[in-house]
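Enquirer: Residue numbering for the sequence shown is 1301 to 1791, as defined by this note's numbering. Think of the CB as a built atom: it goes at the ideal place given N, C-alpha and C, for glycine as much as any other residue. Sharing a structure here in structure tokens format.
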Amino acid sequence: MAATALSPEVLAKYEPVIGLEVHVQLLTETKAFCGCANKFGAAPNTNICPVCLGLPGALPVLNEKAVEFATLAALALKCEVRERSIFARKNYFYPDLPKGYQISQFDKPIAEHGWIDVPAADGSTKRIGITRLHMEEDAGKSIHDGYPDSATRTYLDLNRCGTPLVEIVSEPDIRTPDEAFEYLTRLKEILLYTGVSDCNMEEGSLRCDANVSVRPRGQEKFGTKAEVKNVNSFRFVRDALEYEIERQIQVVESGDKVVQETRLWNANDRRTYSMRSKEQAHDYRYFPEPDLPPLVLTQEFLAQRSGELPEPPEARRARMIAEYELNEKDARTLTASREFADRFEAAARTAKNPRRVANLLLSEIGGRLKALNLEQENSPVSMAGIVLAADLLDEGKISSKQLKQLFDLCFEEGEDFAAVYEREKPEQITDTSAIEAMIDEVIAANPKQVEQYRAGKKTIAGFFVGQVMKASKGQANPALLNELVTKKLDS
Ligand SMILES: [Zn+2]
1301 MAATALSPEV LAKYEPVIGL EVHVQLLTET KAFCGCANKF GAAPNTNICP
1351 VCLGLPGALP VLNEKAVEFA TLAALALKCE VRERSIFARK NYFYPDLPKG
1401 YQISQFDKPI AEHGWIDVPA ADGSTKRIGI TRLHMEEDAG KSIHDGYPDS
1451 ATRTYLDLNR CGTPLVEIVS EPDIRTPDEA FEYLTRLKEI LLYTGVSDCN
1501 MEEGSLRCDA NVSVRPRGQE KFGTKAEVKN VNSFRFVRDA LEYEIERQIQ
1551 VVESGDKVVQ ETRLWNANDR RTYSMRSKEQ AHDYRYFPEP DLPPLVLTQE
1601 FLAQRSGELP EPPEARRARM IAEYELNEKD ARTLTASREF ADRFEAAART
1651 AKNPRRVANL LLSEIGGRLK ALNLEQENSP VSMAGIVLAA DLLDEGKISS
1701 KQLKQLFDLC FEEGEDFAAV YEREKPEQIT DTSAIEAMID EVIAANPKQV
1751 EQYRAGKKTI AGFFVGQVMK ASKGQANPAL LNELVTKKLD S
């Protein structure tokens, strides 16, 4: 954060008002209005055709998959979906927009009036409204560097022209940079769960613009807003908002007026710079796209999309916390992606004790991965391996000490649990008299603990179990050992 001359008292006099506009690229095979591949990273200008180049006479044909994805996203964000929406031309010239207009939606977007709940600073939940979600196409890319003559030339890559987007516009309900961060985090999570986008910010599949203004607390009327454009991480959005709020308060406090303008965040300087003022702002002269009929969604189509909605991430976490007795942090780990949560739950449900699967995955596997700085997908132990381990433990066929040793071997050898277990088949002492002999020794060596046990401190039985397990080098059958220890102590 840039140094500020503002005291906390001055900052507290003002209330920030924040609204976010998020552009999300949809994961369709082909573009929004033509059959060109919708793929990041292809050689420049190889996925183009007369339609996405806007050549005279070329006509757009709407991609049904894009409509499915936009509808799914809208439903997941609790929006009302319009049965009849209208595509419109948004007219502006830019070198990477050869048509001279972008097909978008204007006064009749596909969806409106959604919301996302975020945690507020006081621990309660705050609902951030979503004004609208509309469909549009992306523009191409101007490449200003990376070529030998980049100092004097700009190159154009039109592969991205016409790729399908949804723009999600929030209500100006956000009051702090932290709320903005939470909103974006949840929005991304919901979209990822819904599977409509990969939300990869580095590749530009999710882009965020923030509108921010300040007003004296208690004042109804909004202050003049600035728009901070294309900030490429949620952390930077938070930083940019913090900077911008202080900048605007400083402007107001010094008796000046905040100018309505577009500003760019510079992450290296940690400040925003003015890009263009309102005088240069565009008038897009929207009008209905004459080459596309109104988009009409049938009840059947909407019902199908509703049926495809996944359990929302927040609800899933709450259910899993109860079902597997998890804390919030562990639930977050297990639901980090829908794919991972699905794999975990599919496996856990086949185990005798699903909670134990969660527990082993988080503690034993999670701990080893963390120590080796590995991600979950690099784990040598599969979900099926964890289920097998959990069941063996439950059946008393291996002790927890043996389990730890087997997991260690898995990580040393890079092998799954089943293979290591088959090879090692840890010896178990199931001979009652052998275990009893060991218990007798431990009892004889610890008269004080025996006295405590007989005086009513039953939990001390665990001490004897532990001692015998140690003496047996972890090989005593745990179920049998437990039973025999209690029997001996009670006799
Ligand atoms: Zn095309």
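If you check the beta carbons only, do Gly-1354 and Lys-1399 fall under 8 Å apart?
Expert: Contact flag set, yes.
Enquirer: Looking at the strands, I want to know which residues DSSP matches up with Asn-1338.
Expert: The partner list for Asn-1338 (beta bridge, DSSP) is empty, contrary to what the question assumes.
Enquirer: How is Thr-1494 classed by DSSP in three states: helix, strand or coil?
Expert: helix
Enquirer: Please indicate yes or no: does the CB of Val-1596 lie closer than 7 Å to some heavy atom of ligand 1?
Expert: Because no heavy atom of ligand 1 lies under 7 Å away, the Cβ of Val-1596 does not count as near it: no.
Enquirer: Jot down the residue ranges of each uninterrupted beta strand (DSSP E) in the segment 1322-1373, minimum 3 residues, whole runs only, in chain order.
Expert: Fully enclosed beta strand (DSSP E) runs of no fewer than 3 residues are not present anywhere in the segment 1322-1373.
Enquirer: For Ala-1349, which of Glu-1546, Ala-1420, Arg-1563 and Thr-1463 has the nearest alpha-carbon?
Expert: In the sequence as displayed, the identity of residue 1349 is Cys instead of Ala. Closest option to Cys-1349, Cα to Cα, is Thr-1463.
Enquirer: Using a threshold of 7 Å, is the CB atom of Ile-1348 nearer than that to any non-hydrogen atom of ligand 1?
Expert: At least one heavy atom of ligand 1 is nearer than 7 Å to the Cβ of Ile-1348, so yes.
Enquirer: Using a Cβ-Cβ cutoff of less than 7 Å, which residues in the same chain neighbour Asp-1630 once the five nearest sequence positions on both sides are dropped?
Expert: Counting only Cβ-Cβ distances below 7 Å, and skipping sequence neighbours, we find Leu-1662.
Enquirer: Around the C-beta of Arg-1460, are 16 or more other C-beta atoms found within 10 angstroms, so that it is buried, or is it exposed?
Expert: buried
Enquirer: Spatial neighbours of Asn-1659 within its chain, please: C-beta separation below 6 Å, excluding the five flanking residues on both sides.
Expert: none
Enquirer: Measure the alpha-carbon distance for Glu-1600 versus Lys-1378 and round it to whole angstroms.
Expert: Their backbone Cα atoms lie some 18 Å apart in a straight line.
Enquirer: Jot down the residue ranges of each uninterrupted alpha helix (DSSP H) in the segment 1436-1515, minimum 4 residues, whole runs only, in chain order.
Expert: 1477-1494
Enquirer: Which class does Ala-1302 belong to by DSSP, given the choice of helix, strand or coil?
Expert: Because Ala-1302 carries a pLDDT of 46, less than 50, the predicted location of this residue cannot be relied on, and the following value inherits that uncertainty. Ala-1302: coil per DSSP, three-state reduction.
Enquirer: Less than 7 Å between C-beta atoms, sequence neighbours within five positions excluded: which residues of the same chain meet that for Glu-1589?
Expert: Phe-1387, Ala-1388, Arg-1389 and Ile-1403
Enquirer: Enumerate in chain order the residues of its own chain whose CB-to-CB distance from Val-1742 is below 8 Å, with the five nearest sequence positions on each side excluded.
Expert: For Val-1742, where only same-chain residues beyond five positions count, the Cβ hits under 8 Å are Phe-1764, Gln-1767, Val-1768 and Ala-1771.
Enquirer: State buried or exposed for Thr-1454, treating a residue as buried only when at least 16 other CB atoms are found within 10 Å of its CB.
Expert: Thr-1454 should be labelled exposed.
Enquirer: Taking the alpha-carbon of Pro-1488 as reference, which of Ala-1451, Pro-1612, Thr-1730 and Asp-1790 has the nearest alpha-carbon?
Expert: Here residue 1488 turns out to be Lys, not Pro, going by the sequence shown. When only C-alpha atoms are compared, the closest one is Pro-1612.
Enquirer: Just to confirm the assignment: which complete alpha helix (DSSP H) runs, minimum length 4, are found wholly within the segment 1672-1705?
Expert: 1683-1694
Enquirer: Is it the case that the Cβ atoms of Thr-1431 and Leu-1597 are separated by a distance below 8 Å?
Expert: no
Enquirer: Quick check: what's the CA-CA separation for Ala-1303 versus Leu-1626?
Expert: Residue placement at Ala-1303 is poorly supported in this model, since its pLDDT is 47, which falls under 50; the coordinates are not used for a value here.
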